[in-house]
Each structure stands twice: as structure tokens, then as C-alpha cells.
Amino acid sequence: MYGSDLLVAPVLEPHATSRRVHLPAESTWTDLTSGEVLAGGRFVNVDAPRAGRARRGGG
């Protein structure tokens, strides 16, 4: 987390093509690349290189 509303989870493993990212519960999260609104409280798999850039809140 970067502050309380921005989630950043970079891919750090060499040659990785995706990353599993936990979205904290009690909120929705908006993927900053696609605009997709995701439910919190779960793990999602995100393709590299855009893995894990989301802001709290939907729409």
C-alpha cells in the first residue's frame, strides 16, 4: 500500500509473467490500467508488467 488508497505490487521475480495480489477487504478497487472495478477481500492474478496498480473505490 502507498498511503491508504493506492495499492502498488510490482513483479519482482525474474521472468515472471504474472503476480498474485491481495486486495484488502471492505472496499472495491479500480485497476488503474483497465478501469476494471474489483471486489476487495480476495486475491487476484494480474499479468506483468502491469501487476498491482489499483486505487481504492470503484467507478
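Each step along the sequence shown adds one to the number in our numbering, with nothing skipped, and position 30 is 49. We put the CB at the ideal spot given by N, CA and C, even for glycine.
Check: Just curious, the beta strand (DSSP E) that Ala35 is in, first and last residue?
Finding: Run containing Ala35: none; DSSP gives neither H nor E here.
Check: Between the beta-carbon of Gly76 and the beta-carbon of Thr47, is there less than 8 angstroms?
Finding: yes
Notebook entry, point to check: What is the C-beta distance between Arg61 and Leu31, in whole angstroms, given that I count them as a contact (C-beta under 8 angstroms)?
Noted result: Contact doesn't hold; Cβ gap of about 22 angstroms is too wide.
Checklist line | Per-residue DSSP class, three states only, for Ala28 | finding: coil
Note to self: Can you list, in chain order, the residues of its chain with a C-beta nearer than 8 angstroms to that of Glu84? Leave out the 5 residues immediately preceding and following it.
What the structure shows: Since the first residue shown for the chain is 20 and the last is 78, residue 84 is missing from the structure and cannot be characterised.
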